[in-house]
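Presented below is the structure to which this report refers.
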Amino acid sequence: MTHSKFQEKVVEMKNITKVFGNFVANENINLTVHKGEVHALLGENGAGKSTLMNILYGLYTPTSGEIFIKGQKIDIANPNIAIKHGIGMVHQHFMLVEPFTVAENIILGMETTKGLGVLDLKKAINDVKQLSEKYGLHVDPEAKIEDITVGMQQRVEILKALYRGAEILILDEPTAVLTPQEIHELIQIIRNLTEEGKSIIIITHKLKEIKMAADYCTIIRRGKFIDTVDVSVTSEEDLASKMVGREVSFAVDKVEAKPGKKVLSIDNIVVKDNRGINAVDGLSLDIYGGEILGIAGIDGNGQSELIDGITGLRKVESGSIQLHGNDVTNKTPKEIIERKISTIPEDRQKRGLVLDFTISENMVLENYHKKPFAKNGVLSHQKIKEFAKELIEKFDVRPTNENAKARALSGGNQQKVIIAREVTNDPDLLIAAQPTRGLDVGAIEYVHKALVEQRDKGKAVLLVSLELDEVMNVSDRIAVIYEGKIVGIVDAKNADENTLGLMMAGGGETHGQS
Amino acid sequence: MDKAKNSKLLSMFSGTFGFTIISILIGLGIGAIVLLIAGFNPIEAYGIMLSGVFSKPKYIAYAIIYATPLIITGLSVAFAFRTGLFNIGAEGQYIVGALVAALTGYFFNLPPFIHVIVVFLFAATAAGLWGGIAGFLKARFGVHEVISTIMLNWIALYLNNYVVNLNGFKKPQSEASYEILNTANISLLSEWKLSDAGREWLSNFPFLADLMRAPVNFGFMIALLLALIVWFILNKTTLGYELRAVGFNKYAAEYGGIGVKKSIITSMVIAGALAGLAGAVQVLGVTNKVAVLAAMEGYGFNGIAVSLIGANTAFGNVFAGLLFGALNYGGPKIQSGLQAPSEVVDIVIGTIVFFIAIPGFIKMLLTLRSKKRGDTNGR
Numbered sequence: 001m002t003h004s005k006f007q008e009k010v011v012e013m014k015n016i017t018k019v020f021g022n023f024v025a026n027e028n029i030n031l032t033v034h035k036g037e038v039h040a041l042l043g044e045n046g047a048g049k050s051t052l053m054n055i056l057y058g059l060y061t062p063t064s065g066e067i068f069i070k071g072q073k074i075d076i077a078n079p080n081i082a083i084k085h086g087i088g089m090v091h092q093h094f095m096l097v098e099p100f101t102v103a104e105n106i107i108l109g110m111e112t113t114k115g116l117g118v119l120d121l122k123k124a125i126n127d128v129k130q131l132s133e134k135y136g137l138h139v140d141p142e143a144k145i146e147d148i149t150v151g152m153q154q155r156v157e158i159l160k161a162l163y164r165g166a167e168i169l170i171l172d173e174p175t176a177v178l179t180p181q182e183i184h185e186l187i188q189i190i191r192n193l194t195e196e197g198k199s200i201i202i203i204t205h206k207l208k209e210i211k212m213a214a215d216y217c218t219i220i221r222r223g224k225f226i227d228t229v230d231v232s233v234t235s236e237e238d239l240a241s242k243m244v245g246r247e248v249s250f251a252v253d254k255v256e257a258k259p260g261k262k263v264l265s266i267d268n269i270v271v272k273d274n275r276g277i278n279a280v281d282g283l284s285l286d287i288y289g290g291e292i293l294g295i296a297g298i299d300g301n302g303q304s305e306l307i308d309g310i311t312g313l314r315k316v317e318s319g320s321i322q323l324h325g326n327d328v329t330n331k332t333p334k335e336i337i338e339r340k341i342s343t344i345p346e347d348r349q350k351r352g353l354v355l356d357f358t359i360s361e362n363m364v365l366e367n368y369h370k371k372p373f374a375k376n377g378v379l380s381h382q383k384i385k386e387f388a389k390e391l392i393e394k395f396d397v398r399p400t401n402e403n404a405k406a407r408a409l410s411g412g413n414q415q416k417v418i419i420a421r422e423v424t425n426d427p428d429l430l431i432a433a434q435p436t437r438g439l440d441v442g443a444i445e446y447v448h449k450a451l452v453e454q455r456d457k458g459k460a461v462l463l464v465s466l467e468l469d470e471v472m473n474v475s476d477r478i479a480v481i482y483e484g485k486i487v488g489i490v491d492a493k494n495a496d497e498n499t500l501g502l503m504m505a506g507g508g509e510t511h512g513q514s
Numbered sequence: 515m516d517k518a519k520n521s522k523l524l525s526m527f528s529g530t531f532g533f534t535i536i537s538i539l540i541g542l543g544i545g546a547i548v549l550l551i552a553g554f555n556p557i558e559a560y561g562i563m564l565s566g567v568f569s570k571p572k573y574i575a576y577a578i579i580y581a582t583p584l585i586i587t588g589l590s591v592a593f594a595f596r597t598g599l600f601n602i603g604a605e606g607q608y609i610v611g612a613l614v615a616a617l618t619g620y621f622f623n624l625p626p627f628i629h630v631i632v633v634f635l636f637a638a639t640a641a642g643l644w645g646g647i648a649g650f651l652k653a654r655f656g657v658h659e660v661i662s663t664i665m666l667n668w669i670a671l672y673l674n675n676y677v678v679n680l681n682g683f684k685k686p687q688s689e690a691s692y693e694i695l696n697t698a699n700i701s702l703l704s705e706w707k708l709s710d711a712g713r714e715w716l717s718n719f720p721f722l723a724d725l726m727r728a729p730v731n732f733g734f735m736i737a738l739l740l741a742l743i744v745w746f747i748l749n750k751t752t753l754g755y756e757l758r759a760v761g762f763n764k765y766a767a768e769y770g771g772i773g774v775k776k777s778i779i780t781s782m783v784i785a786g787a788l789a790g791l792a793g794a795v796q797v798l799g800v801t802n803k804v805a806v807l808a809a810m811e812g813y814g815f816n817g818i819a820v821s822l823i824g825a826n827t828a829f830g831n832v833f834a835g836l837l838f839g840a841l842n843y844g845g846p847k848i849q850s851g852l853q854a855p856s857e858v859v860d861i862v863i864g865t866i867v868f869f870i871a872i873p874g875f876i877k878m879l880l881t882l883r884s885k886k887r888g889d890t891n892g893r
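Okay, structure coming up:
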C-alpha cells in the first residue's frame with residue numbers, strides 16, 4: 001500500500017512474532033507508521049494489540065522479527081531504549097503520583113537541578129508551561145494530580161511523554177475514561193500533535209473514534225495481521241467485520257418498549273461510599289417492567305454505591321427501596337436475590353465470579369444450597385454439573401468444559417457465565433452494571449441482545465454504564481446521574497449526546513425527576 | 515539448547531508434588547552443607563536419621579506417633595486457610611484442647627469408650643470456642659486473626675499453667691496434672707501388653723512385640739478419620755462450598771448471598787476444634803496428663819508448616835505430617851549417633867522445613883530465567 005500523504009517512515013515493525021508458552025500472541029505482524037500520522041491499532045480483547053505495543057515500548061522482547069525506528073534497526077530491550085529513540089506510551093491506567101503536582105509528575109525521573117541535587121522547580125514549571133502551550137494541552141503545572149479531572153490527568157501523561165522527547169506516542173485505550181466532551185478535546189490535541197510532526201498510535205476497539213481521529217488503521221485478529229486500511233475510505237461496518245471476522249450489527253435490534261407495572265421504586269435514598277461521604281445523595285427513581293432504564297453518568301457519581309444499596313451490599317442510610325410495593329431496604333443480599341433481583345455486577349472478576357472455582361461451581365453461586373443442587377447440606381456435584389452443561393450450551397460459553405476454572409475463560413465468556421446464571425434466576429429486576437466493559441464487539445452484541453430479551457419478557461432492566469453510546473443504544477429511558485442524584489430523565493429516542501454530556505458534567509437544564 | 519533443557523525440566527516438575535520433592539532434596543543438600551561446616555559427615559548423619567526411623571517397627575511406630583498431632587493441627591491450619599484465614603492460633607487451641615481433655619479425663623467418671631467420646635466432645639468444643647473468639651473479633655471488629663490468635667496463644671499457655679497448678683488437679687511433687695483415668699485412655703492394649711499373658715503371646719511375634727514397645731494408640735486412626743471428615747466438609751457440603759467461596763473471593767461470595775462474617779466465625783470454630791482434638795489425642799494417647807509449660811511446644815506452629823507442605827489439602831496433610839513426624843523423631847538421633855550438638859541438628863531440620871515450605875520460591879527461580887524470552891506463560 002502506498003501512503004500518499006505521509007512519506008517518512010518512523011516506525012517499521014517487521015514480521016513480529018511473540019510466543020508465550022504455547023500461546024502465539026503475535027504472529028508475523030507488520031506495522032508501519034509515518035511521520036505526522038495517526039495510526040489506529042484495532043482488535044478484539046486478547047487479539048494481541050497491547051502485546052505488540054509493549055514490544056515496541058520495550059516491555060516485551062519479540063520472539064522473532066525486527067523493529068526499525070527512522071530507518072535504523074533497533075533492539076528495544078527495555079523502555080529506556082524506547083524513550084531514547086523518541087517512543088512514549090500513555091497507559092490505560094495512569095501512572096501518576098497523586099499528592100504531587102502536575103509539574104512534579106512530569107519531570108519525575110528527569111528532574112532539572114540547580115546543581116548538587118537541588119531541584120529547580122521554577123524551571124520545571126516554566127518548561128511544562130511552554131510545552132503545554134505549544135501543543136494546546138492545557139494544564140495547571142502547580143495543581144495536584146488528586147485535584148484534577150481524569151481528562152486533565154491524561155494530558156499530564158501525554159506531557160510526560162513529550163517532556164521526554166517523544167516523537168512517537170502510543171495511547172492505550174485513551175478514551176475509556178473520558179466524557180464525550182473530553183474525547184473531543186483529546187482528538188483536537190491529537191491533531192495539534194500531528195501538525196507538529198508527531199506520530200500517534202492509538203490502541204482501541206472503538207470504531208467511531210477511529211473514524212474521527214485516525215488516518216490509517218491496522219487490524220489484528222487472534223494475533224494475526226489482517227489488514228492496514230485507509231480510514232477515510234473504510235466504513236465502520238468494514239472495520240468491525242475485519243476485526244471480528246464476520247458481519248456485525250451495531251444497531252441494537254429491538255422493538256418499541258411496552259412498559260408495564262412499576263417494579264422498583266427508589267425514594268430519596270442516601271448511600272455512603274468507603275470514605276463515608278454520601279455518594280448517593282437523595283436519589284429517587286422508578287423502574288417499570290418491560291423497559292430498560294439506562295443510567296448515564298461519569299464514573300464516580302454514585303453509580304456503584306446505588307447498585308450496592310439496591311442489592312444489599314451497602315447500607316442505605318436513609319430513604320427507601322420498594323419492590324412491587326414491598327420494602328426491601330437494607331435486606332441481606334440473600335433476601336434480595338430471593339425476592340428476584342439479580343445483578344450482573346460491575347466488576348465481574350471481583351464480584352461476579354469466584355475465579356478459582358470451576359464453571360459449574362460458579363453457575364450455582366446463589367443457588368448452591370437449594371434443591372436439586374444440595375440436599376441436607378450435602379452437594380450433588382452430579383446435578384450441579386448437569387445444570388452447568390445445560391447453561392454452557394444454551395449460552396454458548398467456551399470452552400464447553402464445565403470443570404474449567406473461571407479464571408481460564410476470556411472476559412466475554414466469563415460474562416456469559418454470569419449472564420447465564422443471573423438470567424436463569426428469572427429475576428423481576430435485572431441490574432446490569434457495566435455489562436460490556438472490556439468486551440469485544442461480538443460479545444457486546446450478545447450482552448445487549450440478552451438485556452433486550454429480558455425486557456421483552458416483561459422484566460425490568462436497570463442498565464448502568466459509563467459508555468454513553470451503550471446507554472443511548474440499549475435503553476428505553478435514560479436517567480442521568482450526577483453527584484449521587486438523578487439530574488434528569490429523557491426518553492432515549494429524543495436523547496442527544498451533547499445534552500446528555502452536559503447533564504453528566506453537572507450543567508444543562510434539569511427536567512423530569514430530580 | 516539451554517532453553518529447551520530448562521523448559522523440559524519445568525514440565526517434569528511442574529506439579530506441586532514435583533516441586534515438593536525438589537524442595538526436600540534442596541533442603542537436605544543445604545542441611546548437608548551445614549553438617550559439613552560443623553564438621554560432621556552428612557551421609558553418615560542422614561544414614562543415622564533414616565535407619566533411626568525405618569530400621570525397627572518400633573521406630574516407625576514412634577514416627578507415626580510423632581506425626582499424629584501434627585497431621586491434626588495441620589488440618590486445622592489448612593481448614594482455616596481454605597477459608598482465607600491464617601490460623602496462627604492452632605498452638606493455643608491445641609493447649610486448650612489438651613487441658614480440657616486432661617480435666618475431663620481425670621474428673622469425669624464414665625464407662626470406657628463413652629468417656630473417650632465425651633472427652634473429645636468437651637475438648638473440641640472448648641478449643642472451637644477458643645478459635646471462635648478470633649473469628650468473632652475478625653467478623654465483628656475487623657481484628658486481624660493473626661494478631662488475635664497470637665495473643666490467644668499466650669493466654670492459653672498461662673491459663674494452662676494456672677489450671678495445672680490448682681489443688682486437686684496438680685499431682686504433688688510434680689510440675690504436671692494427675693493422669694487421666696484408664697477409661698479415657700486410647701492406648702492400644704496398654705495394660706495387656708505389659709501383663710504376663712501379653713508378654714508371652716507377643717514373644718511369638720517379634721515384629722508386633724517390637725511395634726508394641728512404642729506407646730501405640732488410636733490417635734493415627736483418628737487423624738485419618740479427621741482428614742476424611744475435613745475433605746468431605748470442604749468438597750461435598752454446602753458449608754464447604756460457602757467457606758471455599760469466601761476463601762477464594764469474599765466479594766463474590768457476599769454478592770452471591772453467602773454470609774461472609776458467619777463463614778469466618780464458623781471456619782475459626784472448626785479450625786479451633788480440630789487443633790483442640792490434636793491436643794486431646796495427644797493427652798489420651800501419649801502423655802495422659804498436661805504439664806506446666808515453660809514455652810510453647812510448637813505442635814500448632816509445626817501444623818502451619820505441615821499445612822503448607824500438604825498444599826492445604828486434607829490428604830496432603832497426612833503425608834506432610836508423616837514427613838514431619840519422621841524428621842522430628844529421626845533428626846535428634848543424629849545428636850546421639852554423631853555427638854552433634856542439638857543446635858546443629860535443629861538447624862538441619864529447620865533448613866529442610868524451610869525449603870519444603872517454599873516450593874513457590876523454587877518454582878519462581880526455575881521460571882525466572884526463561885521468562886523474559888517469553889517461553890513460559892508470562893502474560
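Each protein sequence line maps, in turn, to chains A and B. 1 is the number of the first residue of the first sequence in my numbering; add one for each residue after it. 515 is the number of the first residue of the second sequence in my numbering; add one for each residue after it. In this text, a Cβ means the ideal position worked out from N, Cα and C, and glycines have one as well. Bear in mind that the values here come from a model prediction, so they are computed numbers and not experimental data.
Classify residue i as buried or exposed, calling it buried when 16 or more other Cβ atoms lie within 10 Å of its own Cβ.
| i | result |
| --- | --- |
| Asn763(B) | buried |
| Thr780(B) | buried |
| Ala518(B) | Legend: pLDDT at Ala518(B) = 48, less than 50; position of this residue unreliable, no value from coordinates given. |
| Met1(A) | Caution applies to Met1(A), whose pLDDT of 47 falls short of 50 and renders its modelled position unreliable; the value that the coordinates give is listed next. The residue in question, Met1(A), is exposed, as its Cβ has fewer than 16 Cβ neighbours within 10 Å. |
| Glu335(A) | exposed |
| Glu182(A) | buried |
| Ala587(B) | The question names Ala, yet the displayed sequence has Thr at residue 587(B). Thr587(B) is buried by the Cβ-count criterion. |
| Leu742(B) | exposed |
| Phe721(B) | exposed |
| Lys370(A) | exposed |
Could you tell me which residues DSSP pairs with residue i in its beta bridges?
| i | result |
| --- | --- |
| Phe20(A) | Phe23(A) |
| Lys262(A) | Tyr288(A) |
| Met13(A) | Leu31(A), Ile67(A) |
| Gln72(A) | Ile69(A) |
| Ile479(A) | The residue you asked about is not Ile; residue 479(A) is Ala in the sequence shown. According to DSSP, which records beta bridges pairwise, Ala479(A) is partnered with Ile295(A), Ile489(A). |
| Lys224(A) | Glu27(A), Arg221(A) |
Between which two residues does the beta strand (DSSP E) harbouring residue i extend?
| i | result |
| --- | --- |
| His184(A) | That residue, His184(A), is in no beta strand (DSSP E); its alpha helix (DSSP H) goes 180–195. |
| Thr175(A) | It is not in any beta strand (DSSP E) - Thr175(A) carries neither H nor E in the DSSP assignment. |
| Gln322(A) | 316–323 |
| Phe6(A) | Unbroken run through Phe6(A): none, as it is neither H nor E. |
| Arg221(A) | 216–221 |
| Thr343(A) | 341–344 |
| His39(A) | 38–42 |
| Gly96(A) | The displayed chain sequence assigns Leu, not Gly, to residue 96(A). That residue, Leu96(A), is in no beta strand (DSSP E); it is neither H nor E in DSSP. |
If I'm right that residue i touches residue j with Cβ under 8 angstroms, what's the distance once you round it to whole angstroms?
| i | j | result |
| --- | --- | --- |
| Ser709(B) | Pro729(B) | The pair is not a contact, with the Cβ atoms about 16 angstroms apart (cut-off 8 angstroms). |
| Lys416(A) | Leu355(A) | At roughly 15 angstroms, the Cβ-Cβ gap does not stay under 8 angstroms, so Lys416(A) and Leu355(A) are not in contact. |
| Val364(A) | Phe387(A) | 7 angstroms |
| Ile431(A) | Ile310(A) | 7 angstroms |
Using 8 angstroms as the limit for Cβ to Cβ distance, is residue i near chain D?
| i | result |
| --- | --- |
| Ile287(A) | The structure shown contains no chain D; its protein chains are A and B. |
Name the two residues that bound the continuous alpha helix (DSSP H) containing residue i.
| i | result |
| --- | --- |
| Thr358(A) | Note, Thr358(A): premise wrong, no alpha helix (DSSP H); not H, not E. |
Check your understanding: On the three-pair Cβ rule with 8 angstroms, is the stretch 805–818 of chain B touching the stretch 622–635 of chain B?
Key -> In short, these stretches do not touch, since the Cβ pair count stays below three.
Exercise for review: Would you check if there are 3 or more beta carbon pairs closer than 8 angstroms linking the stretch 194–205 of chain A to the stretch 116–123 of chain A?
Suggested key: They do not touch, by the three-pair rule.
Point to revise | Cβ contact check for the stretch 16–29 of chain A and the stretch 79–99 of chain A: 3 or more pairs under 8 angstroms | key: Output reads no: the stretch 79–99 of chain A does not touch the stretch 16–29 of chain A.
Review point. Just checking, does the stretch 767–785 of chain B make contact with the stretch 547–558 of chain B on the three C-beta pairs under 8 angstroms criterion?
Key: The stretch 767–785 of chain B, when compared against the stretch 547–558 of chain B, does not touch it at the 8 angstroms Cβ threshold.
Check your understanding: Given 8 angstroms as the limit, is there contact between the stretch 571–581 of chain B and the stretch 832–841 of chain B, that is, 3 or more CB pairs closer than that?
Key -> Of all C-beta pairs linking the stretch 571–581 of chain B to the stretch 832–841 of chain B, three or more are shorter than 8 angstroms, placing the two stretches in contact.
Practice item. Evaluate contact between the stretch 246–265 of chain A and the stretch 273–282 of chain A, counting only Cβ atoms and requiring at least three cross-stretch pairs below 8 angstroms. Key: With a cut-off of 8 angstroms, the stretch 273–282 of chain A and the stretch 246–265 of chain A do not count as touching, because too few Cβ pairs lie within range.
Check your understanding: Just checking, does the stretch 465–478 of chain A make contact with the stretch 488–505 of chain A on the three C-beta pairs under 8 angstroms criterion?
Key -> Three or more pairs of CB atoms, one per stretch, sit closer than 8 angstroms, so the stretch 465–478 of chain A contacts the stretch 488–505 of chain A.
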